[in-house]
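Report on the structure given below.
In my numbering, the protein residues as written are 8 to 186.
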(Lines of atoms letter the chains of each structure in order from A and count residues from 1; the text may use other names and numbers.)
(Lines give C-alpha, C1' and ligand atoms only; values in the text may rest on other atoms or scores of the structure.)
Protein backbone atom coordinates (compact mmCIF):
# COMPACT_ATOMS: atom_id res chain seq x y z
CA UNK A 1 0.00 0.00 0.00
CA UNK A 2 0.99 3.65 -0.30
CA UNK A 3 1.22 3.87 3.49
CA UNK A 4 3.65 0.94 3.63
CA UNK A 5 5.78 2.39 0.84
CA UNK A 6 5.98 5.75 2.60
CA UNK A 7 6.74 4.07 5.93
CA UNK A 8 9.64 2.08 4.40
CA UNK A 9 11.08 5.18 2.73
CA UNK A 10 10.60 7.68 5.54
CA UNK A 11 10.80 5.46 8.58
CA UNK A 12 8.35 5.45 11.42
CA UNK A 13 9.78 8.13 13.69
CA UNK A 14 10.22 11.85 13.13
CA UNK A 15 13.78 12.56 12.03
CA UNK A 16 14.13 15.87 13.83
CA UNK A 17 12.70 17.95 16.63
CA UNK A 18 11.09 20.16 13.95
CA UNK A 19 9.34 17.15 12.41
CA UNK A 20 8.11 16.10 15.84
CA UNK A 21 6.85 19.64 16.54
CA UNK A 22 5.04 19.76 13.19
CA UNK A 23 3.46 16.38 13.93
CA UNK A 24 2.29 17.54 17.38
CA UNK A 25 0.82 20.71 15.84
CA UNK A 26 -1.05 18.78 13.16
CA UNK A 27 -2.05 15.83 15.35
CA UNK A 28 -2.13 17.03 18.96
CA UNK A 29 -3.91 13.86 20.07
CA UNK A 30 -0.97 11.68 18.97
CA UNK A 31 2.70 11.73 19.90
CA UNK A 32 5.87 10.94 17.99
CA UNK A 33 5.93 7.64 19.89
CA UNK A 34 2.78 6.68 17.99
CA UNK A 35 4.63 6.84 14.65
CA UNK A 36 4.69 3.43 13.06
CA UNK A 37 1.33 2.34 14.45
CA UNK A 38 -1.70 2.33 12.20
CA UNK A 39 -4.43 4.63 13.48
CA UNK A 40 -8.05 3.73 13.20
CA UNK A 41 -10.37 6.28 11.51
CA UNK A 42 -12.33 6.69 14.77
CA UNK A 43 -9.43 7.95 16.87
CA UNK A 44 -11.28 11.00 18.22
CA UNK A 45 -14.15 10.43 20.60
CA UNK A 46 -16.82 13.09 20.25
CA UNK A 47 -20.28 12.45 21.68
CA UNK A 48 -22.08 14.79 19.27
CA UNK A 49 -20.31 16.52 16.43
CA UNK A 50 -19.90 20.20 17.28
CA UNK A 51 -20.13 22.92 14.70
CA UNK A 52 -16.72 24.09 13.53
CA UNK A 53 -15.58 26.76 11.08
CA UNK A 54 -12.76 26.71 8.58
CA UNK A 55 -11.09 29.36 6.46
CA UNK A 56 -8.85 28.77 3.45
CA UNK A 57 -7.11 31.97 2.39
CA UNK A 58 -5.70 31.59 -1.10
CA UNK A 59 -4.00 33.92 -3.52
CA UNK A 60 -7.11 34.63 -5.61
CA UNK A 61 -10.05 33.63 -3.41
CA UNK A 62 -10.85 32.84 0.20
CA UNK A 63 -13.37 30.27 1.38
CA UNK A 64 -15.08 30.06 4.75
CA UNK A 65 -17.05 26.98 5.72
CA UNK A 66 -19.30 26.05 8.60
CA UNK A 67 -19.39 22.32 9.24
CA UNK A 68 -20.80 19.79 11.61
CA UNK A 69 -18.40 16.90 11.81
CA UNK A 70 -17.22 16.31 8.25
CA UNK A 71 -20.39 17.71 6.66
CA UNK A 72 -20.19 21.25 5.29
CA UNK A 73 -23.36 23.10 6.22
CA UNK A 74 -22.55 26.49 4.65
CA UNK A 75 -19.83 27.87 2.38
CA UNK A 76 -18.91 31.47 1.63
CA UNK A 77 -16.38 32.58 -1.01
CA UNK A 78 -14.83 36.03 -1.42
CA UNK A 79 -12.10 37.27 -3.77
CA UNK A 80 -8.68 37.84 -2.21
CA UNK A 81 -8.19 41.58 -2.70
CA UNK A 82 -6.89 43.69 0.20
CA UNK A 83 -6.46 42.42 3.77
CA UNK A 84 -9.14 44.82 5.04
CA UNK A 85 -11.72 43.80 2.44
CA UNK A 86 -11.01 40.06 2.36
CA UNK A 87 -10.44 39.45 6.07
CA UNK A 88 -13.25 41.86 6.96
CA UNK A 89 -15.77 39.98 4.80
CA UNK A 90 -14.64 36.63 6.23
CA UNK A 91 -14.74 37.91 9.83
CA UNK A 92 -18.24 39.28 9.26
CA UNK A 93 -19.47 35.94 7.90
CA UNK A 94 -17.85 33.99 10.75
CA UNK A 95 -19.46 36.32 13.31
CA UNK A 96 -22.84 35.91 11.63
CA UNK A 97 -22.56 32.13 11.72
CA UNK A 98 -21.35 32.19 15.32
CA UNK A 99 -24.35 34.28 16.43
CA UNK A 100 -26.74 31.83 14.72
CA UNK A 101 -25.00 28.59 15.69
CA UNK A 102 -22.11 28.96 18.13
CA UNK A 103 -19.21 26.87 16.84
CA UNK A 104 -16.47 25.25 18.89
CA UNK A 105 -13.44 26.45 16.95
CA UNK A 106 -11.86 27.68 13.75
CA UNK A 107 -9.14 26.17 11.60
CA UNK A 108 -7.35 28.63 9.32
CA UNK A 109 -5.16 27.70 6.35
CA UNK A 110 -3.49 30.66 4.68
CA UNK A 111 -0.99 31.43 1.99
CA UNK A 112 2.27 32.45 3.55
CA UNK A 113 4.75 32.79 4.84
CA UNK A 114 3.05 32.88 8.23
CA UNK A 115 4.32 33.40 11.76
CA UNK A 116 3.47 30.01 13.27
CA UNK A 117 5.43 30.33 16.51
CA UNK A 118 2.72 30.50 19.17
CA UNK A 119 5.03 32.40 21.52
CA UNK A 120 5.73 35.16 18.99
CA UNK A 121 3.82 38.44 19.42
CA UNK A 122 2.90 38.32 15.72
CA UNK A 123 1.62 34.73 15.80
CA UNK A 124 -0.93 34.27 13.03
CA UNK A 125 0.35 37.20 10.96
CA UNK A 126 1.70 37.06 7.44
CA UNK A 127 5.42 37.69 7.20
CA UNK A 128 7.05 39.31 4.16
CA UNK A 129 5.06 38.05 1.19
CA UNK A 130 5.11 38.94 -2.51
CA UNK A 131 1.32 39.46 -2.44
CA UNK A 132 0.93 43.27 -2.56
CA UNK A 133 -0.42 44.80 0.64
CA UNK A 134 -0.47 41.57 2.64
CA UNK A 135 2.91 41.66 4.45
CA UNK A 136 2.23 41.91 8.18
CA UNK A 137 -1.53 41.27 7.83
CA UNK A 138 -2.99 40.00 11.12
CA UNK A 139 -4.89 37.07 9.62
CA UNK A 140 -5.73 35.14 12.79
CA UNK A 141 -6.44 38.16 14.99
CA UNK A 142 -8.79 39.69 12.43
CA UNK A 143 -10.73 36.45 12.00
CA UNK A 144 -11.02 35.25 15.60
CA UNK A 145 -10.58 38.10 18.10
CA UNK A 146 -14.29 38.86 18.57
CA UNK A 147 -15.42 35.24 18.63
CA UNK A 148 -13.66 33.85 21.71
CA UNK A 149 -13.29 30.33 20.31
CA UNK A 150 -10.37 27.94 20.03
CA UNK A 151 -8.41 28.33 16.82
CA UNK A 152 -5.39 27.06 14.94
CA UNK A 153 -3.59 28.50 11.93
CA UNK A 154 -1.20 26.88 9.48
CA UNK A 155 -0.12 27.31 5.89
CA UNK A 156 -2.49 26.39 3.09
CA UNK A 157 -0.10 23.61 2.02
CA UNK A 158 -0.03 22.07 5.51
CA UNK A 159 -3.82 22.40 5.70
CA UNK A 160 -4.23 20.57 2.39
CA UNK A 161 -1.84 17.82 3.52
CA UNK A 162 -3.73 17.45 6.79
CA UNK A 163 -7.03 17.17 4.92
CA UNK A 164 -5.61 14.43 2.68
CA UNK A 165 -4.34 12.60 5.76
CA UNK A 166 -7.62 12.93 7.64
CA UNK A 167 -10.22 12.49 4.88
CA UNK A 168 -8.46 11.92 1.54
CA UNK A 169 -5.90 9.81 -0.24
CA UNK A 170 -3.62 9.40 2.79
CA UNK A 171 -6.35 8.35 5.22
CA UNK A 172 -5.05 5.62 7.50
CA UNK A 173 -1.38 6.30 6.67
CA UNK A 174 1.20 6.94 9.37
CA UNK A 175 3.37 9.11 7.13
CA UNK A 176 2.56 11.55 4.37
CA UNK A 177 4.71 13.44 1.89
CA UNK A 178 2.74 16.25 0.29
CA UNK A 179 4.35 18.03 -2.67
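Glycine residues also receive a C-beta, built at the ideal position from the N, C-alpha and C atoms. Note that this is a predicted model, so its numbers are computed, not measured.
Excluding sequence positions up to five before and after residue 65, its CB lies within less than 7 Å of the CB of 87, 118 and 163, all in the same chain and listed in chain order. Pairing residue 148 with residue 135, the inter-Cα distance amounts to about 17 Å.
In the displayed model, residue 163 falls within a helix according to three-state DSSP.
Residue pairing by DSSP places residue 158 opposite 113 in a beta bridge.
Counting only residues of its own chain and dropping the five nearest sequence neighbours on each side, residue 159 has a CB closer than 6 Å to the CB of 114.
Of 133, 105 and 91, the smallest CA-CA separation from residue 75 is found for 105. Residue pairing by DSSP places residue 86 opposite 68 in a beta bridge. Beta-bridge partners of residue 74 (DSSP): 59 and 79. When secondary structure is reduced to three states using DSSP, residue 134 falls in the coil class, being assigned neither helix nor strand. Residue range 146-151 is occupied by the alpha helix (DSSP H) that includes residue 150. Contact between the region 84-100 and the region 169-182 is not established, with fewer than three Cβ pairs separated by less than 8 Å. The beta carbon of residue 100 is closer than 6 Å to those of 71 and 83 in its chain, skipping five residues each way along the sequence.
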